[in-house]
Amino acid sequence: MVYTKKSPALFIIGIVMLAIWYGAGNGMLDGYMEHLAAGKKYKYGAELISIPLYFGILSVVIGAWQWFGSHTEGAWDYYSSTIAGGMFILLIAMLVRWFVAPEVAVVSMSFGKVGDTGKYIHKLLGLNYVVMGIVAGIIIVNVFRVPEWAKNGVRLSRLGLKTGVILLGTLYSAAELKNLGGLSIIMIGFFVLGSVGLVLWMGSRRGIPNSMGGVLSAGMGVCGVSATVASAPVVQAKSVEIAYTIGTILLWGVGCMFLFPIIGNLLDMSYVQFGAWAGTGILNSAQVAGAALAYQPDGIETLKVAEIFNITRVLVLPIIVLWLAVWYVKREENVTETVNVGRVIFEKFPVFVLGFILLFALSTTGMFAPANHYKGKYFDNSNVKASKMMTDEQIAVLTANSDKVVRAERKAALARLIAERKIASIEDDATIRGLANSKVMGKDSGKILKKAHKAVRHTAKKIKAFRKWITWLFAFGLVGLGMQITLSSMKQAGGQPAVIGGVVGLTKAVLSLVVVLLIVSETI
Amino acid sequence: MENKFDRGSALSIFGSDRKEDFMALVFALVIAFAVYFAY
Chain A
6 MVYTKKSPAL
16 FIIGIVMLAI
26 WYGAGNGMLD
36 GYMEHLAAGK
46 KYKYGAELIS
56 IPLYFGILSV
66 VIGAWQWFGS
76 HTEGAWDYYS
86 STIAGGMFIL
96 LIAMLVRWFV
106 APEVAVVSMS
116 FGKVGDTGKY
126 IHKLLGLNYV
136 VMGIVAGIII
146 VNVFRVPEWA
156 KNGVRLSRLG
166 LKTGVILLGT
176 LYSAAELKNL
186 GGLSIIMIGF
196 FVLGSVGLVL
206 WMGSRRGIPN
216 SMGGVLSAGM
226 GVCGVSATVA
236 SAPVVQAKSV
246 EIAYTIGTIL
256 LWGVGCMFLF
266 PIIGNLLDMS
276 YVQFGAWAGT
286 GILNSAQVAG
296 AALAYQPDGI
306 ETLKVAEIFN
316 ITRVLVLPII
326 VLWLAVWYVK
336 REENVTETVN
346 VGRVIFEKFP
356 VFVLGFILLF
366 ALSTTGMFAP
376 ANHYKGKYFD
386 NSNVKASKMM
396 TDEQIAVLTA
406 NSDKVVRAER
416 KAALARLIAE
426 RKIASIEDDA
436 TIRGLANSKV
446 MGKDSGKILK
456 KAHKAVRHTA
466 KKIKAFRKWI
476 TWLFAFGLVG
486 LGMQITLSSM
496 KQAGGQPAVI
506 GGVVGLTKAV
516 LSLVVVLLIV
526 SETI
Chain B
193 MENKFDRGSA
203 LSIFGSDRKE
213 DFMALVFALV
223 IAFAVYFAY
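In the order they appear, the protein sequences are chains A and B. Residues 6 to 529 in this note's numbering are what the first sequence lists, from first letter to last. Residues 193 to 231 in this note's numbering are what the second sequence lists, from first letter to last.
Listed below in structure tokens is the structure:
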């Protein structure tokens with residue numbers, strides 16, 4: 006069978022990409038980019054004048070050959086025929102990331118921030134390019150159908166996702182665990198493992214497929230999109246199951262984000278208690294931050310505690326991926342005799358999980374960023390550039406407003422900042438962030454404090470590069486994944502995932518509330 | 193859907209999951225090395 010279609014499609018895709026590159030490079034898109042940036046600098050300017058050029062040239066050259074050349078059966082024909090579909094997915098991912106998602110953000114921002122959460126609607130609903138990529142894929146397959154020439158390439162999406170998952174390992178570091186409190190590790194360990202176990206148990210009781218139960222357990226136990234995507238190939242989840250899981254998590258999180266602060270206020274919880282509860286009970290990182298800021302709009306103490314719990318949860322991801330890999334192999338292969346377990350796992354264990362663990366281990370050694378980094382960000386006040394040290398004018402502004410600071414630890418951190426002209430320690434950094442957020446020192450001082458915070462917070466260049474690769478691989482994979490979700494497959498999956506997700510989410514929220522109220526007595 | 197592709201499956205262009213895993217691993221390591229030496 007000859008797979009390559011004699012179609013102008015890939016050639017045209019290449020022309021469209023080159024047109025985007027040309028328009029961006031020659032200022033023709035400046036007005037539109039300015040509109041999308043909404044008063045800030047357009048984030049994707051550098052990408053627009055590089056990525057479409059490389060892939061545009063590639064598409065035009067191979068597209069011309071596919072259109073006019075003669076094709077014979079063989080390995081070259083088979084593999085090169087996937088390029089048209091691959092570039093089709095990539096073009097959709099580009100349009101969503103560069104234009105559609107920023108446009109949605111502009112519309113969302115026009116409505117203003119939601120209450121005290123300090124966040125816009127699109128942030129709280131998790132409407133980013135990832136979710137929109139899946140939606141775009143679903144619309145294409147259900148409204149327009151995937152064209153014949155693209156069908157072979159759509160099957161590349163899982164390869165893209167797996168490659169992205171392996172690279173995801175670089176973003177985390179086990180060394181970060183030592184910066185986290187014992188309480189967060191115990192609580193998160195208990196609730197993450199408990200949630201995963203509960204979903205798997207309920208899934209088997211209610212007869213949902215192992216793949217659905219597996220992917221939902223990671224999503225409900227760990228957090229949002231990354232955990233879902235990382236575990237999906239491990240349990241061979243279908244496209245529709247992944248989309249269902251992401252939808253369930255985001256909807257559940259939205260409900261929690263609004264309910265948690267109300268309950269917290271009713272119970273008169275301390276900042277530490279509420280932060281611990283939000284970080285344990287809410288699933289999506291942005292939603293955790295939204296709830297914490299809604300509970301304490303004038304400070305950062307709640308947010309800090311919630312972030313620590315959130316980070317701890319994400320760091321459990323490698324363990325969950327391993328657990329699910331073993332669980333799935335055992336369930337699917339019906340392993341009953343213990344002698345079989347080792348052999349079956351060896352034969353069926355997903356190799357890409359080992360790649361993920363390998364890069365996680367390398368990241369922990371400090372190969373890509375200082376070992377205590379989290380997603381590439383780390384504290385270091387030893388190499389603050391002279392230009393980023395505080396100036397005499399800035400010191401004068403802070404000194405003039407220092408009387409407004411009441412709390413002792415804030416006063417002390419501010420005194421050290423003024424004396425050393427830079428933030429003295431990681432603890433001071435958190436305190437100064439809280440002081441800036443509380444706005445007690447006025448607008449000018451707040452800006453200076455935020456600058457001081459930025460001067461000691463660094464982003465590793467290598468991790469930044471990895472993040473870009475992961476972003477594109479996920480965007481590519483998820484658009485392709487959306488193209489495999491038909492309405493009939495959604496009907497087939499039914500409403501079970503939402504029911505199980507709701508029950509497990511509620512159980513976790515209630516139990517973690519009880520545990521927090523019983524154990525956490527520290528107050529701020 | 194299966195008979196549409198005489199190689200691979202409806203979800204993958206590769207004949208087996210393990211082959212796809214290895215390809216993903218190769219791509220990821222190539223990217224990792226490129227990033228490590230370029231930045």
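All C-beta atoms, glycine included, are put in the ideal place defined by N, C-alpha and C. Just so it is clear, the structure is predicted and the values come from calculations on it, not from any experiment.
Residue i - partner residues in DSSP beta bridges
i	result
Y379/A	K382/A
H463/A	Y383/A
Proximity winner among the options, relative to residue i (alpha-carbon distances)
i	options	result
G28/A	L53/A, Y125/A, F357/A, L172/A	L53/A
F263/A	G286/A, V245/A, V277/A	G286/A
S275/A	I524/A, A417/A, T122/A	I524/A
Y49/A	R426/A, L34/A, F60/A, L63/A	L34/A
V515/A	L367/A, L96/A, S200/A	S200/A
K124/A	D385/A, V135/A, A110/A	A110/A
D408/A	F384/A, T436/A, S450/A, K382/A	S450/A
S244/A	N147/A, L511/A, V520/A, G487/A	G487/A
G500/A	F373/A, T253/A, G219/A, A460/A	T253/A
F73/A	P13/A, D121/A, L132/A, G131/A	P13/A
A530/A	L478/A, E414/A, F373/A, G19/A	Absent from the model: residue 530/A. The displayed extent of chain A is 6 to 529, so no value can be given.
I62/A	S75/A, F16/A, A281/A	F16/A
Q278/A	N31/A, L522/A, L23/A	L522/A
V310/A	G439/A, A401/A, D82/A	G439/A
A180/A	T370/A, E425/A, A405/A, A420/A	T370/A
W1/A	K513/A, I18/A, I20/A, M22/A	No answer is possible for residue 1/A: the residues shown for chain A start at 6 and end at 529.
K118/A	G295/A, A470/A, K459/A, S368/A	G295/A
I94/A	S75/A, I144/A, A69/A	I144/A
P502/A	L518/A, E246/A, A374/A, V519/A	E246/A
Closer than 9 Å to chain B by CB, residue i
i	result
P13/A	no
D385/A	no
A51/A	no
T175/A	yes
A248/A	no
A470/A	yes
V356/A	yes
K467/A	yes
Q241/A	yes
W474/A	yes
Contact with chain A by residue i, beta-carbon distance below 9 Å
i	result
V225/B	For the record, residue 225/B in the displayed sequence is Phe; it is not Val. Answer no: the Cβ-Cβ gap between F225/B and chain A never drops below 9 Å.
D213/B	yes
Cα-Cα separation between residue i and residue j, rounded to whole angstroms
i	j	result
Y333/A	L203/A	15 Å
R318/A	I193/A	6 Å
G101/A	I251/A	It is Val, not Gly, that sits at residue 101/A in the sequence shown. Their backbone Cα atoms lie some 18 Å apart in a straight line.
I25/A	F60/A	11 Å
I213/A	I505/A	10 Å
I313/A	R462/A	17 Å
P57/A	V65/A	11 Å
M207/A	T9/A	46 Å
D433/A	K427/A	10 Å
V112/A	L41/A	10 Å
G583/A	Q497/A	The first residue shown for chain A is 6 and the last is 529, placing residue 583/A beyond what the model contains.
F104/A	W474/A	19 Å
M394/A	D385/A	13 Å
I362/A	R160/A	25 Å
V239/A	D273/A	42 Å
K452/A	P266/A	28 Å
E306/A	N289/A	19 Å
F225/B	F219/B	10 Å
N157/A	M372/A	38 Å
Y134/A	S231/A	14 Å
G381/A	M137/A	25 Å
E338/A	A330/A	12 Å
I139/A	A237/A	15 Å
Q241/A	E78/A	30 Å
Y47/A	K466/A	20 Å
L322/A	I67/A	40 Å
Residues from the segment 152-171 of chain A in contact with chain B, defined by Cβ distance under 9 Å: K156, N157, G158, R160, L161, S162, R163, L164, G165, L166, K167, T168, G169, V170, I171
Against chain B: residues of the segment 476-490 of chain A by CB proximity under 8 Å: Q489
Chain-ordered residues of the segment 72-88 of chain A with a beta carbon less than 8 Å from chain B: Y83, Y84, T87
Members of the segment 359-379 of chain A near chain B, C-beta cut-off 9 Å: L359, G360, F361, L363, L364, L367, M372, F373
Short-range partners of chain B found in the segment 53-64 of chain A, where Cβ spacing is below 9 Å: none
Contact residues within the segment 427-459 of chain A, judged by C-beta distance below 8 Å to chain B: none
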